[in-house]
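Peer 1: Under the UniProt record's numbering, think of the first position of the sequence shown as 1, with each following residue one higher.
Note that the Cβ used here is the ideal one computed from N, Cα and C, for glycine as well.
Nothing here was measured: the structure is a model prediction, and the numbers come from that model.
Take this structure first; my questions come after.
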Amino acid sequence: MMVKSTDFFLEILHPDVSKGNAVKLLAKELGIPREEVMAIGDNGNDVSMLEFAGCGVAMGNAIDDVKAVADVVTKSNNEAGVAHVLHELVLGK
Numbered sequence: 001m002m003v004k005s006t007d008f009f010l011e012i013l014h015p016d017v018s019k020g021n022a023v024k025l026l027a028k029e030l031g032i033p034r035e036e037v038m039a040i041g042d043n044g045n046d047v048s049m050l051e052f053a054g055c056g057v058a059m060g061n062a063i064d065d066v067k068a069v070a071d072v073v074t075k076s077n078n079e080a081g082v083a084h085v086l087h088e089l090v091l092g093k
C-alpha cells in the first residue's frame, strides 16, 4: 500500500499495516468496543483509522478523502480542532 502523506512524502507499507488495524488491535487488547473509539485525523494514512472508529473525526484542514469517511468535521489544527471536538463530543459542552 502507498499513501502520500504530504506533497513530498510517500509512505510504502505492507498491506496489513495501517492505523486502522493498529487501533483495532489496541481496542481489542484493552477490551474497548469499537463504538467507544474516537479517532481524529487529517491525511490519507488516517482513513482506515477513521473508518474503524465508532466516531471518526476529520480536522477542518483534512484532505477531502478523510472528510468523506468522517462522522464529524471539526475546526482546523490552527483553530484547536482537537480540543474543540473533545470539548463538544466527550464533555458535552
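#1: Going by beta carbon distance, what residues of the same chain come within less than 6 Å of Val-37, once the five residues before and after it are set aside?
#2: So which of Asn-43, Lys-93, Ala-70 and Asn-21 has the shortest CA-CA distance to Lys-4?
#3: Tell me which residues share the same chain as Gly-60 and place their Cβ nearer than 7 Å to its Cβ, disregarding the 5 neighbours each side in the sequence.
#4: Out of Pro-33, Leu-30 and Val-17, which one is the CA nearest neighbour of Asn-45?
#5: Going by Cα to Cα distance, which pick from Lys-24, Thr-6, Val-57 and Ala-22 is closest to Ala-39?
Peer 2: So, from the data block:
#1: Ala-27, Ala-53 and Gly-54
#2: Asn-43
#3: Val-73, Thr-74, Lys-75, Ser-76, Glu-79 and Gly-81
#4: Val-17
#5: Val-57
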